Amino acid sequence: MVTTAGTLYVVATPIGNLADISARAREVLAGVDAICAEDTRHTRQLLQALGIDRPLVALHEHNEDAAAAKLVERLRAGERLALVSDAGTPLVSDPGYRFVRAARAAGMKVSPLPGACAAIAALSVAGLPSDRFCFEGFLPAKAAARRERLAALVGEPRTLVFYESAHRIGEALADLIAVFGGEREAVLARELTKLFETVLGDSLAELAARVAADPDQRRGEFVLVVRGNHDDADARLREGRRLYTKLCEHLKPSVAAKLAAELSGAPRKALYGGDPDP
156 MVTTAGTLYV
166 VATPIGNLAD
176 ISARAREVLA
186 GVDAICAEDT
196 RHTRQLLQAL
206 GIDRPLVALH
216 EHNEDAAAAK
226 LVERLRAGER
236 LALVSDAGTP
246 LVSDPGYRFV
256 RAARAAGMKV
266 SPLPGACAAI
276 AALSVAGLPS
286 DRFCFEGFLP
296 AKAAARRERL
306 AALVGEPRTL
316 VFYESAHRIG
326 EALADLIAVF
336 GGEREAVLAR
346 ELTKLFETVL
356 GDSLAELAAR
366 VAADPDQRRG
376 EFVLVVRGNH
386 DDADARLREG
396 RRLYTKLCEH
406 LKPSVAAKLA
416 AELSGAPRKA
426 LYGGDPDP
């Protein structure tokens with residue numbers, strides 16, 4: 156038995172190719188007292204494919220707050236529990252952090268079993284700067300909220316990583332073009348590790364055209380990797396002005412400008428009491 160009493164194991168599972176599960180993950184899933192799963196039907200299929208039969212407990216965004224306390228009590232009693240999501244690494248755009256937080260607050264051991272993650276897999280093959288990146292998960296479903304979120308990221312110098320669904324990928328690309336411009340470099344990774352995996356790299360405008368022209372490129376699960384803003388000076392200034400506007404709601408303009416400049420790296424005079432250009 157490789158598991159320890161009173162421990163919560165956070166277990167990464169394959170995002171497509173079943174062979175990507177680690178030997179340790181298989182051992183732990185087979186050895187715990189129960190497995191907490193986002194969708195028990197999906198996880199049951201995975202376990203059957205692995206030849207594992209363990210009790211399943213539903214843990215999703217609608218019941219996590221109520222279920223976490225009961226599960227922590229099971230850990231206190233010495234049970235070994237595993238936490239999985241439908242695919243990939245738990246808590247990455249998936250429920251589970253409240254349970255992990257409650258377990259840690261109760262002094263229980265929480266142990267990660269690393270493995271597949273769609274965001275990292277896409278970043279690794281994108282050929283875009285990866286020394287610094289920003290994971291944004293799923294964009295809002297409604298167009299207005301989506302554009303508002305993108306507007307806040309337009310000056311971000313780090314590479315951006317998004318998840319997107321098949322029925323919104325066209326709209327998301329259109330909004331990215333509207334906010335970031337069609338020439339921004341990006342990579343669209345679809346169905347990673349699965350039979351119909353594709354990784355397309357081009358400008359946002361070219362990617363949108365390829366998706367519109369090919370119905371296959373509107374099927375499956377998507378990770379969109381977008382190059383950050385190249386102009387760091389302009390990005391700092393935009394971020395500084397955004398922060399200055401927000402801080403002015405609560406602070407004197409001179410204090411707001413000082414803090415915004417410190418946080419963003421933008422010149423203070425460009426934010427308050429000086430030339431509007433850096």
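In terms of our numbering, the sequence shown opens at residue 156 and continues consecutively. Each residue gets a CB set at the ideal place from its N, CA and C atoms; glycine is no exception. In this text, all values refer to a predicted model and were calculated from it rather than measured experimentally.
| Item | Value |
| --- | --- |
| Unbroken beta strand (DSSP E) run spanning Tyr164, endpoints | 162 to 166 |
| Residue interval of the alpha helix (DSSP H) (run including Ser419) | 408 to 419 |
| Pairwise C-alpha distance: Thr244 and Leu201 | 15 angstroms |
| Extent of the continuous alpha helix (DSSP H) to which Glu352 belongs | Here Glu352 belongs to no alpha helix (DSSP H), and DSSP marks it neither H nor E. |
| Cβ pair Arg255, Glu291 closer than 9 angstroms | It is Val, not Arg, that sits at residue 255 in the sequence shown. No, they are not a contact pair. |
| Assigned secondary structure, Pro433 (DSSP; H/G/I helix, E/B strand, else coil) | Residue placement at Pro433 is poorly supported in this model, since its pLDDT is 39, which falls under 50; the coordinates still yield a value, given next. Residue state, collapsed to three classes: coil. |
| C-beta contact flag for Gly270 and Ala174 at 9 angstroms | no |
| Nearest-angstrom beta carbon gap, Ser248 and Arg293 [assumed within contact, 8 angstroms] | Note that residue 293 corresponds to Phe in the displayed sequence, not to Arg. Indeed they touch by this definition, with Cβ atoms about 6 angstroms apart. |
| In DSSP terms, what Tyr318 is bridged to | Phe293, Val378 |
| Helix, strand or coil at Arg373 according to DSSP, with G and I counted as helix | helix |
| DSSP state of Leu214 mapped onto helix, strand, coil | coil |
| Cβ contact (3+ pairs, closer than 8 angstroms) linking the region 297 to 313 and the region 271 to 278 | no |
| Among Gly325, Phe288, Ile170, the one whose alpha carbon lies nearest that of Arg313 | Phe288 |
| DSSP beta-bridge partners of Ala237 | Tyr164, Ile190 |
| Residues of its chain near Ser212, where Cβ-Cβ distance is below 6 angstroms and the 5 sequence neighbours each way are ignored | The residue asked about is misnamed: residue 212 is Val in this sequence, not Ser. Ala189, Cys191. |
| contact_flag[the region 321 to 333, the region 363 to 376] where n(CB pairs < 8 angstroms) is 3 or more | yes |
| Rounded straight-line distance, which links the Cα of Glu228 to that of Ala160 | 13 angstroms |
| For Val309 and Ala341, believed in contact at Cβ under 8 angstroms, the rounded distance | About 14 angstroms separates the two Cβ atoms, so there is no contact after all. |
| Other residues of its chain near Val187: CB distance less than 7 angstroms, five sequence neighbours each side excluded | Thr158, Tyr164, Arg209, Arg235, Leu236, Ala237 |
| Supposed close pair Ala321, Ile170 - CB separation, criterion 8 angstroms | So it is not a contact: roughly 15 angstroms between Cβ atoms. |
| Residue nearest to Glu182 in terms of C-alpha spacing, selected from Thr195, Asp194, Arg196, Gly206 | Gly206 |
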